[in-house]
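Below: one structure, written as structure tokens.
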């Protein structure tokens, strides 16, 4: 008889978490791979950097693959989230905070102090971690590595390795498998390899990730970027045209047909990392009402800042004489006003009744501010649009939004705030797509409220902080601007209550047609479906 005293009241015995011998070996292999990177980071001389880099990346990938296979293939198909809230690393425990500090520190050094990673200046050879990646960079593009190449390489390895883990975990769900392979493909091909190959073919072209669309790619319309494209003939012009078309034509069409999931859960690299490497932290997103209110104001404020910054940047390098170039400052500002007015008027006319009072107040407030600032241009109140130079606005946006918010907080705080804090609170691309998804899209998540047992798996698994269970209990369609359509809520539901659908827009939003406890004509309701 055992004399061990078990103070836990849980019948599931949450403390009984053990790893197999094979998993211990895999953990050791992965840690040795990380050790090589750590040695390089601390500037330890490695005799053959190409060999050690290969060993490091292979061992890290192999460790994740072996560990994942042992964790999932030794069990029956089905999502196993046992003990998630009892593990220190996934419940904001000691190891969770420790990992958060490490990731945040890495991002601070990456963005603001790359010399500590070994980045050389004035043509000197790279050292440290950046120098370790020189052989791979020279192999792909014929140039030495930068801190961004190091980051891109590690980013891609993380998505590929943890993407494989995600596929094994959801191997019974075809939607999750295809979606994960999609983000792995776009990250490896479009974000990592193609830009390197484009540099080999034409090293004068600015870096361009074909899947990164404005306003997420906030520097595409900067003066240096536009000049770089235009100086490269038809290819550069085609890339600029593609950037404009993808923003104002391709994106709206795909969002109308499929919702924002086509981008946020199938293409975007930020979402790809969140879904793969960040899968263990998805339950940490706040479901509080206060978090939802903060989310709405914060993400749309960032969007307005992005529009203002881009407008000011383009305005700053346009001329006033139409004889030199037809797109003058007057023409550009007029086009911006007309475009924003059409969008605002269209939304208020077709969907005004669906917007709450605060949304209307916010839209009107932002519109008045922008209109007043643009009015200054035509009255010559100030030489610089928005009182501040476009370059200054661009720098502020790049530092506080592009670096600190999206990188340091958005990814560094995975173990603290969940895996999609950037997507939820700060991404301007998500704001635009979410705005259209809420008002002009066929996508919705339908619910079968009669089958819901209120287990809460769906809400717990929503990385965007949506209280999915509240919708399921009422039998209400989920049409939220923040929903990225990852489908994990549907995958973890034990009763098949939730279903991702693309249907007509009629009857898509049914907040007043609650089937539980209300006197509703069921036949009339079904016929309207």
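Numbering (the numbering used here), first residue to last: 1030 to 1558. Ideal placement from N, C-alpha and C gives every residue a C-beta, glycine not left out. Because the structure is a prediction, the values reported are computed rather than measured.
For residue 1598, which residues of its own chain have a beta-carbon under 7 Å away from its beta-carbon, when the five flanking residues on both sides are left out?
The requested residue 1598 is not part of the displayed model; the chain covers only 1030 to 1558.
Nearest to residue 1467 by alpha carbon, out of 1142, 1281, 1137, 1317?
In the chain shown, counting from the first residue as 1, residue 1467 sits at position 438. Nearest Cα to residue 1467 within the set 1142, 1281, 1137, 1317: 1281.
Given this structure, state the Cα-to-Cα distance separating residue 1432 from residue 1140, to the nearest angstrom.
The residue you call residue 1432 lines up with position 403 of the chain shown. The residue you call residue 1140 lines up with position 111 of the chain shown. About 7 Å.
In chain order, which continuous runs of the alpha helix (DSSP H) of length 4 or greater are located wholly inside the stretch 1285 to 1333?
Taking 4 residues as the shortest admissible run, the stretch 1285 to 1333 contains the following complete alpha helix (DSSP H) segments, listed from N- to C-terminal end: 1290 to 1293, 1298 to 1305.
Given a cut-off of 8 Å, decide if residue 1299 and residue 1177 are closer than it, judged by their beta-carbon atoms.
For the purposes of this step, residue 1177 is identified with residue 148 of the chain shown, where counting begins at 1. For the purposes of this step, residue 1299 is identified with residue 270 of the chain shown, where counting begins at 1. If you check the CB distance, residue 1177 and residue 1299 do not come in under 8 Å.
Jot down the residue ranges of each uninterrupted alpha helix (DSSP H) in the stretch 1421 to 1501, minimum 4 residues, whole runs only, in chain order.
Unbroken alpha helix (DSSP H) stretches of 4 residues or longer found wholly inside the stretch 1421 to 1501: 1443 to 1446, 1450 to 1454, 1457 to 1468, 1486 to 1490, given in chain order.
Enumerate in chain order the residues of its own chain whose CB-to-CB distance from residue 1526 is below 7 Å, with the five nearest sequence positions on each side excluded.
Looking up residue 1526 in the chain shown gives position 497. If we look at residue 1526 and ignore the five residues flanking it on each side, its Cβ neighbours are 1476, 1477, 1480, 1481, 1501.
Going by CA-CA distance only, name the one from 1216, 1189, 1125 that's closest to residue 1115.
Within the chain shown, residue 1115 is the residue found at index 86, counting from 1. Residue 1125 is the option with its Cα nearest to residue 1115.
By alpha-carbon positions, which one of 1490, 1497, 1506, 1509 ends up nearest to residue 1109?
As a position in the chain shown, residue 1109 is number 80, starting the count at 1. A check of alpha carbon separations from residue 1109 across 1490, 1497, 1506, 1509 identifies 1490 as the nearest.
What does a CB cutoff of less than 8 Å around residue 1056 pick up in its chain, not counting 5 residues either side in sequence?
Position 27 of the chain shown holds residue 1056. Excluding residues within five positions, the ones whose Cβ falls inside 8 Å are 1048, 1092, 1096.
Cβ atoms of residue 1349 and residue 1357: under 8 Å apart, would you say?
On the chain shown, residue 1357 is found 328 positions in, with the first residue counted as 1. On the chain shown, residue 1349 is found 320 positions in, with the first residue counted as 1. Contact annotation: residue 1357 and residue 1349 have beta-carbon atoms nearer than 8 Å.
What did DSSP end up calling residue 1186 once you bin it into helix, strand or coil?
Sequence index remark: in the chain shown, residue 1186 carries index 157 (1-based). If DSSP states are grouped into helix, strand and coil, residue 1186 belongs with the helices.
Which ranges would you report for the alpha helix (DSSP H) in the stretch 1176 to 1242 if only whole runs of at least 4 residues count?
Inside the stretch 1176 to 1242, DSSP marks whole alpha helix (DSSP H) runs of 4 or more residues at positions 1176 to 1198, 1203 to 1215, 1223 to 1230, from first to last along the chain.
Please report the distance separating the alpha-carbon of residue 1120 from that of residue 1174.
Counting from one through the chain shown, the residue named residue 1120 turns up at place 91. Counting from one through the chain shown, the residue named residue 1174 turns up at place 145. Between the C-alpha atoms of residue 1120 and residue 1174 there is a straight-line separation of about 36 Å.
Residue 1193 to residue 1183 span [Cα, whole Å]
Position 164 of the chain shown, counted from the start, is the residue given in the question as residue 1193. Position 154 of the chain shown, counted from the start, is the residue given in the question as residue 1183. When rounded, the distance between both Cα atoms is 15 Å.
Could you compute how far the alpha carbon of residue 1071 sits from the alpha carbon of residue 1310?
Within the chain shown, the letter at position 42 stands for residue 1071. Within the chain shown, the letter at position 281 stands for residue 1310. Their backbone Cα atoms lie some 29 Å apart in a straight line.
Find out if the Cβ-Cβ distance for the pair residue 1495, residue 1484 is shorter than 8 Å.
The residue you call residue 1495 lines up with position 466 of the chain shown. The residue you call residue 1484 lines up with position 455 of the chain shown. No.
Count the CB pairs spanning the stretch 1162 to 1170 and the stretch 1211 to 1230 that are closer than 8 Å, and state whether there are at least three.
Touching, yes, given that three or more Cβ pairs across the two stretches are closer than 8 Å.
Specify the secondary structure class of residue 1529 as computed by DSSP and reduced to three states.
Taking the chain shown and counting its residues from 1, one reaches residue 1529 at position 500. In this structure, residue 1529 counts as strand in the three-state DSSP scheme.
Contact under 8 Å by Cβ, residue 1211 with residue 1514:
Numbered from 1 along the chain shown, position 182 holds the residue referred to as residue 1211. Numbered from 1 along the chain shown, position 485 holds the residue referred to as residue 1514. Not in contact: residue 1211 and residue 1514 (Cβ atoms no closer than 8 Å).
Hey, would you say residue 1267 sits closer than 8 Å to residue 1238, going by beta carbons?
The residue you call residue 1267 lines up with position 238 of the chain shown. The residue you call residue 1238 lines up with position 209 of the chain shown. Contact annotation: residue 1267 and residue 1238 have beta-carbon atoms that are not nearer than 8 Å.
Under a three-way DSSP split, which group does residue 1507 fall into?
As a first step, residue 1507 is located in the chain shown; it is residue number 478 there, counting from the start. Residue 1507: strand per DSSP, three-state reduction.
Distance, residue 1066 Cα to residue 1462 Cα:
Counted from its first residue, the chain shown places residue 1462 at position 433. Counted from its first residue, the chain shown places residue 1066 at position 37. Residue 1462 and residue 1066: Cα-Cα distance of roughly 38 Å.
Just checking my contact of residue 1307 with residue 1448 at CB under 8 Å: how many whole Å lie between their CB atoms?
Residue mapping note: residue 1307 aligns to position 278 of the chain shown, counting from 1. Residue mapping note: residue 1448 aligns to position 419 of the chain shown, counting from 1. Taking C-beta atoms under 8 Å as the contact rule, residue 1307 and residue 1448 qualify, at a distance of about 3 Å.
Near residue 1538, what residues of its chain come up, given a Cβ to Cβ distance below 6 Å and the 5 sequence neighbours on each side ignored?
Along the chain shown, read from residue 1 onward, the residue named residue 1538 stands at position 509. Closer than 6 Å at the Cβ level, and outside the excluded window around residue 1538, lie 1508.
So, using beta-carbon positions, are residue 1284 and residue 1470 closer together than 8 Å?
Taking the first residue of the chain shown as 1, we reach residue 1284 at position 255. Taking the first residue of the chain shown as 1, we reach residue 1470 at position 441. Taking 8 Å as the cut-off, the beta carbon of residue 1284 is found closer than this to the beta carbon of residue 1470.
Could you please give the first and the last residue of the uninterrupted alpha helix (DSSP H) stretch that includes residue 1053?
For this step, residue 1053 is matched to residue 24 along the chain shown. If you look at residue 1053, you'll find it in the alpha helix (DSSP H) that goes 1050 to 1070.
Grab the span of the alpha helix (DSSP H) containing residue 1073 for me, first residue to last.
By one-based count along the chain shown, residue 1073 stands at place 44. Secondary structure note for residue 1073: it is in no alpha helix (DSSP H), with a DSSP letter that is neither H nor E.
Just tell me which of 1099, 1274, 1333 has its CA closest to the CA of residue 1240.
What you label residue 1240 is simply residue 211 of the chain shown in a count that begins at 1. Answer by Cα proximity: 1274.
Reducing DSSP to helix, strand and coil, say where residue 1106 ends up.
By one-based count along the chain shown, residue 1106 stands at place 77. Note: residue 1106 maps to coil in three-state DSSP.
Short check: CB of residue 1423 to CB of residue 1251, under 8 Å?
Looking up residue 1423 in the chain shown gives position 394. Looking up residue 1251 in the chain shown gives position 222. By the CB criterion at 8 Å, residue 1423 and residue 1251 fall inside the cutoff.
Simplified DSSP state of residue 1538, which is helix, strand or coil:
Your numbering for residue 1538 matches position 509 in the chain shown. For residue 1538, the secondary structure class from DSSP, reduced to helix, strand or coil, is coil.
Let's see if you can read the secondary structure: which residues bound the alpha helix (DSSP H) around residue 1263?
In the chain shown, residue 1263 corresponds to position 234, counting from 1. From DSSP, the alpha helix (DSSP H) with residue 1263 extends over 1262 to 1274.
Cβ shell of residue 1314 (< 6 Å), same chain only, five flanking positions each side left out
Here residue 1314 is taken as the residue at index 285 of the chain shown, counted from 1. Counting only Cβ-Cβ distances below 6 Å, and skipping sequence neighbours, we find 1447, 1492, 1494.
Could you give the DSSP three-state label for residue 1142: helix, strand or coil?
Start at 1 with the first residue of the chain shown, and residue 1142 comes out as number 113. If DSSP states are grouped into helix, strand and coil, residue 1142 belongs with coil.
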